[in-house]
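Heads up, the thing below is written out as structure tokens.
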Ligand SMILES: Cc1ncc(COP(=O)(O)O)c(C=O)c1O
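In structure tokens form, the structure reads like this:
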């Protein structure tokens, strides 16, 4: 065990981690290069999840981005966006308005994604109050979706294991079906599937009474549950239902914005028209912790005309160093044509992953951009799911170790249907996907053989 290991185990409380894992080693990652990261023993890994869907530029732009940060630190290391403004946040907000879908002209900056989600909710509440509808307090979100862990955002998160210990939720939220076509009874026929999903939402709204609902929140491609792409017509349907019922529609793009699914914003890829977009992660390519909330001018209106003041603020929201970093990261994305790279890679990447379907535990393969998942099953023909016990063992004890030994970090998740998720940096070439597919072939084949032999007692 290295000395870093010892100190990590002594002093760190890891996020969402089983801290009884010792004496197994905690990977201590010390250095990055392109789409790879290195541990303290010199082992190299593919950054197959872009950190947590955020190292979108990989690990080789630190010096250039660092120079932008250093220049801002030398000029004005900090001032707030509380009643004052400064050039980096003004420039960044203007740039985001230029990149965002039409009408989304204004940004409230935060330090991360959960804060962005809570900012959307508070804005929605005050928007409705200003328009004489103070009863609109409830939220519609989707099962299995992750919207953050702070108590407000956690109310929208639809993953029982994240929520249960903290119930009752701070904000009354009704969860509706995710867009997992592979598991939905109507999933085989796209139009019927869309209709069934939208009908379910309508029924929930009717039951709860439309005049009590403030907003609906959904990701363009839902992460948790495994890169769930919506069926055609889904977002158009959400827009229509929300308009008809006076509900604000929030596109949570903490993952999907800044190129993850091939456009600046996920809404552009899907052609959707949300009232608000939450973002974080990829904004700075993970060179700084920063997020925000883009709002449509019609949602900002009560706050611009004196009907309300937004009663919300975060010390480091709009941090000048963070904003300078974000501007530089966006400049690099434009210069290196990162969005075009993602769009060019997508079809072949999907084909490579689809090519794994000859392995008995590979069920569904899905995703967009650089954001893919493979849902694992017990029986391909019947789609019989793995039991919780089988899924936990197979993913955590068998597959995870094997992929890691073979030099890849990605996500293995069994909180809903078990899946393996691949989301490499947006600067990756197709050769990296080829390497990933080979490592997955080895790992999934090994896992299928172990499953065939039976779960150890
Ligand atoms: C869709 C979505 N919303 C919100 C969050 C919360 O973001 P953060 O962890 O920065 O608070 C996440 C984090 O993964 C996310 O994926």
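Residue numbers (the working numbering): -9 to 447. Here a beta-carbon is modelled for each residue, glycine too, at the ideal position from N, C-alpha and C.
query, result
"Entirely enclosed beta strand (DSSP E) segments - the segment 87 to 157, minimum 3 residues", "94 to 100, 128 to 132"
"Touch test, the segment 51 to 59 against the segment 310 to 319, Cβ-Cβ under 8 Å, three pairs minimum", "yes"
"Endpoints, the alpha helix (DSSP H) within which residue 194 is located", "180 to 198"
"CA nearest to the CA of residue 268, picked from 9, 395, 241, 289", "241"
"Run of the alpha helix (DSSP H) containing residue 430, from where it starts to where it stops", "420 to 443"
"Status (buried if at least 16 other CB within 10 Å, exposed otherwise) for residue 80", "exposed"
"With 16 other Cβ atoms within 10 Å as the buried cut-off, status of residue 141", "exposed"
"Ligand 1 heavy atom lying under 6 Å from the CB of residue 251", "no"
"Cβ-Cβ distance between residue 280 and residue 273 below 7 Å", "yes"
"Length of the line joining the Cα atoms of residue 109 and residue 73", "17 Å"
"DSSP beta-bridge partners of residue 218", "212"
"Straight-line Cα distance separating residue 36 from residue 225", "34 Å"
"For residue 204, three-class secondary structure by DSSP", "strand"
"Test item: CB-CB of residue 436 and residue 392 under 7 Å", "yes"
"Which listed residue (182, 167, 185) has its alpha carbon closest to that of residue 208", "167"
"Contact check, residue 311 vs residue 103, beta carbons under 7 Å", "no"
"Pick from 341, 174, 149, 24 that is closest to residue 164, judged by C-alpha positions", "149"
"CB contact flag (residue 385, residue 369, <7 Å)", "no"
"Residue 146 burial status per 10 Å Cβ neighbour count (16 or more: buried)", "buried"
"Assumed close pair residue 228, residue 206 - CB separation to whole angstroms, cut-off 8 Å", "7 Å"
"Residue 413 Cβ short of 6 Å to ligand 1 heavy atom set", "no"
"Same chain, Cβ closer than 7 Å to residue 347, neighbours up to 5 away in sequence not counted", "355"
"Residue 336 to residue 418 span [Cα, whole Å]", "11 Å"
"Three CB pairs or more closer than 8 Å across the segment 279 to 297 and the segment 87 to 97", "yes"
"DSSP-derived helix/strand/coil call for residue 373", "coil"
"Check: residue 104 C-beta below 6 Å from any heavy atom of ligand 1", "yes"
"Coil, strand or helix - residue 232 by DSSP", "helix"
"7 Å Cβ cutoff met for residue 292 and residue 117", "yes"
"Ligand 1 heavy atom lying under 6 Å from the CB of residue 209", "yes"
"Cβ pair residue 401, residue 2 closer than 7 Å", "no"
"Cβ-heavy atom distance, residue 137 to ligand 1, below 6 Å", "yes"
"Residue 245 beta carbon near ligand 1 (any heavy atom closer than 6 Å)", "yes"
"Given residue 107 as reference, the closest of 443, 175, 297, 129 once Cα atoms are compared", "129"
"Candidates 239, 425, 252: closest to residue 262 by CA position", "239"
"Separation of residue 152 from residue 5, as counted between CA atoms", "12 Å"
"Where residue 26 sits in the DSSP three-state scheme", "strand"
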